[in-house]
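Chemist: Questions regarding the structure given below will be posed in turn.
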Amino acid sequence: MIKRATVLLSLVLLGLVFLQLVAGYSPRTALNPVAEHYVTAGPEELGAANIVTAVLVTYRGLDTLGEVAVLFISAAGVGLLLRRKTRPADTARRKPRPSSELVGTAVRFLLPLIFVLGAYIFINGHLTPGGGFQGGAVLASGIMLLLLADPHAHLNHRLVHWLESSSGFGYVVVGVLGLVFAGGFLDNRFLGLGTFGELFSAGAMPIIYALIGLKVGTELSAVLERMKD
Amino acid sequence: MTLFLIGLALCAGIIVSALLAVQLGNTVSAAITAGMASLFAAITYVALAAPDVAMTEAAIGSGLTTVIFLYAIRRTAEPPQE
Chain E
246 MIKRATVLLS LVLLGLVFLQ LVAGYSPRTA LNPVAEHYVT AGPEELGAAN
296 IVTAVLVTYR GLDTLGEVAV LFISAAGVGL LLRRKTRPAD TARRKPRPSS
346 ELVGTAVRFL LPLIFVLGAY IFINGHLTPG GGFQGGAVLA SGIMLLLLAD
396 PHAHLNHRLV HWLESSSGFG YVVVGVLGLV FAGGFLDNRF LGLGTFGELF
446 SAGAMPIIYA LIGLKVGTEL SAVLERMKD
Chain X
-6 MTLFLIGLAL CAGIIVSALL AVQLGNTVSA AITAGMASLF AAITYVALAA
44 PDVAMTEAAI GSGLTTVIFL YAIRRTAEPP QE
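In the order they appear, the protein sequences are chains E and X. Per this note's numbering, the first sequence starts with residue 246, numbered consecutively. Per this note's numbering, the second sequence starts with residue -6, numbered consecutively.
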């Protein structure tokens, strides 16, 4: 009874807080000064057509590094919790049913396309919506499809770990290169900015996003594989 | 007016699927309705001109999270009596 009353009371309080937010809301007619600086200076300073990427990768690059670190720690935690124990013989694995011909064929056809889409999303992060996290999640969903269709499939652990650690390391190395050759940590301007709107432009941004995409993709795939068995 | 109605329908979709996810007794259906809530949210983000966030929400919120929930349900469910 008391528990129910507490829940109701906290719900009402939460509703009041949000009611005040909604009641005092009036749509902005102009960008605030920081946003305006990003929008006007971003394409000129950094050469990125996608402002979101300019903010995520360069202006707030350190935050993105922190996000990648958080993801790494949670993936490591999942790995630690779900590490494979030697199973007793009586709970020997039931043999999973092999998947149907249709699913197998669809996977063989779709998997390369999904990987290409993921790579497209993170390499074009500075031009079109999307970027490292989205592309990495698409790569991992490709791996997920593979694991769902073929329960016996196993990722090459050495390759996954090597890709994951080298892309994380490469991300930091690119950041330090920016510190040494340009304005600061994760500054993308130590490579030429190139022509605005082309694939090889915006300095180190495509490199950084490709590294983030690989890291996120391999990490999520490792988590998925751990969950599977 | 039509846009407003579409937005209203999308928000109603988020709320209804979230409530279903809490209320449904079957854990598998609950996981899937939670994924549906994410999907409605992703469409709302597209309507609000935030495609970057929408892509993350669709890929992680409704894709990977749902599957991780399903794997977790399978691992924690009682083994079938044979």
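A virtual CB, placed ideally from N, CA and C, is assigned to each residue, including glycine.
Grouping DSSP H, G and I as helix and E and B as strand, with all else coil, what is E/VAL279?
Modeler: For this step, residue 279 of chain E is matched to residue 34 along the first sequence. If DSSP states are grouped into helix, strand and coil, E/VAL279 belongs with the helices.
Chemist: Return the CA-CA distance between E/HIS282 and X/ASP45, expressed in angstroms with no decimal places.
Modeler: The residue given as residue 282 of chain E occupies position 37 in the first sequence. The residue given as residue 45 of chain X occupies position 52 in the second sequence. Computed Cα separation, rounded: 20 Å.
Chemist: Grab me the residues of E/ALA293's own chain with a C-beta within less than 7 Å of its C-beta, minus the 5 sequence neighbours each way, in chain order.
Modeler: In the first sequence, residue 293 of chain E corresponds to position 48, counting from 1. Here the set comprises GLY287, ALA299, HIS371, ALA447, MET450.
Chemist: Determine whether the Cβ of E/PRO288 lies closer than 8 Å to any Cβ atom of chain X.
Modeler: Within the first sequence, numbered from 1, the residue matching residue 288 of chain E stands at position 43. No, its Cβ sits nowhere closer than 8 Å to a Cβ of chain X.
Chemist: Please check if any C-beta of chain E sits within less than 8 Å of the C-beta of X/GLY56.
Modeler: One-based indexing of the second sequence puts residue 56 of chain X at position 63. Judged by the 8 Å Cβ criterion, X/GLY56 is in contact with chain E.
Chemist: Below 7 Å CB to CB, which residues in the same chain sit around E/PHE426 once its five sequence neighbours on both sides are set aside?
Modeler: Mapped onto the first sequence, residue 426 of chain E falls at position 181. Closer than 7 Å at Cβ, skipping near neighbours: PHE435.
Chemist: I'd like the list of long-range same chain contacts for X/ALA11, defined as Cβ closer than 7 Å, with 5 residues on each side in sequence excluded.
Modeler: In the second sequence, the residue the question calls residue 11 of chain X occupies position 18. If we look at X/ALA11 and ignore the five residues flanking it on each side, its Cβ neighbours are ALA30.
Chemist: In terms of alpha-carbon separation, which member of X/ALA40, X/ALA27, X/THR69 lies closest to X/LEU(-2)?
Modeler: Taking the first residue of the second sequence as 1, we reach residue -2 of chain X at position 5. Comparing Cα-Cα distances from X/LEU(-2) to each of X/ALA40, X/ALA27, X/THR69, the minimum goes to X/ALA40.
Chemist: Please name the residue, chosen from E/LEU459, E/VAL315, E/ARG403, that lies closest to E/VAL361 on a Cα-to-Cα basis.
Modeler: Against the first sequence, residue 361 of chain E aligns to sequence position 116. Of the candidates E/LEU459, E/VAL315, E/ARG403, the one whose C-alpha sits nearest the C-alpha of E/VAL361 is E/LEU459.
Chemist: Kindly indicate which residue of E/THR373, E/PHE430, E/VAL284, E/ASN277 has the alpha-carbon position closest to the one of E/VAL421.
Modeler: Within the first sequence, the letter at position 176 stands for residue 421 of chain E. The residue with the shortest Cα to Cα distance from E/VAL421 is E/PHE430.
Chemist: Which value, in whole angstroms, describes the spacing of the CA atoms of X/TYR64 and E/HIS397?
Modeler: If you number the second sequence from 1, residue 64 of chain X lands on position 71. If you number the first sequence from 1, residue 397 of chain E lands on position 152. Cα to Cα, X/TYR64 sits roughly 15 Å from E/HIS397.
Chemist: Could you list the residues in the region 460 to 473 of chain E with a C-beta less than 8 Å from some C-beta on chain X, going in chain order?
Modeler: Taking 8 Å as the Cβ-Cβ cut-off against chain X, the residues of the region 460 to 473 of chain E that qualify are LEU465, VAL468, LEU469, MET472, LYS473.
Chemist: Provide the residue span of the alpha helix (DSSP H) that contains E/MET389, from first to last.
Modeler: To locate residue 389 of chain E, count along the first sequence from 1; it is residue 144. Per DSSP, E/MET389 belongs to the alpha helix (DSSP H) from 377 to 394.
Chemist: Taking E/SER367 and E/TYR454 to be in contact with their CB atoms under 8 Å, please state how far apart those CB atoms are, rounded to whole angstroms.
Modeler: Walking along the first sequence from the start, residue 367 of chain E turns up at place 122. Walking along the first sequence from the start, residue 454 of chain E turns up at place 209. Reading off the sequence, residue 367 of chain E comes out as Phe, not Ser. With a Cβ gap of about 5 Å, E/PHE367 and E/TYR454 count as contacting.
Chemist: For the region 33 to 63 of chain X, list every residue whose C-beta sits within 7 Å of some C-beta in chain E, in sequence order.
Modeler: Flagged, chain order: PRO44, ASP45, MET48, THR49, ALA52, ILE53, GLY56, LEU57, VAL60, ILE61.
Chemist: Does the ligand COA have even one heavy atom less than 7 Å from the beta-carbon of E/LEU310?
Modeler: Annotation note on the ligand COA: not contained in the displayed structure, which lists no ligands.
Chemist: Compare the Cα-Cα distances from E/ILE452 to each of E/ARG471, E/GLY423, E/LYS473 and report the closest residue.
Modeler: Along the first sequence, read from residue 1 onward, the residue named residue 452 of chain E stands at position 207. When only C-alpha atoms are compared, the closest one is E/GLY423.
Chemist: Touching or not, the region 376 to 396 of chain E and the region 462 to 472 of chain E, by the rule of three or more beta carbon pairs under 8 Å?
Modeler: Cβ pair count under 8 Å is three or more, so yes.
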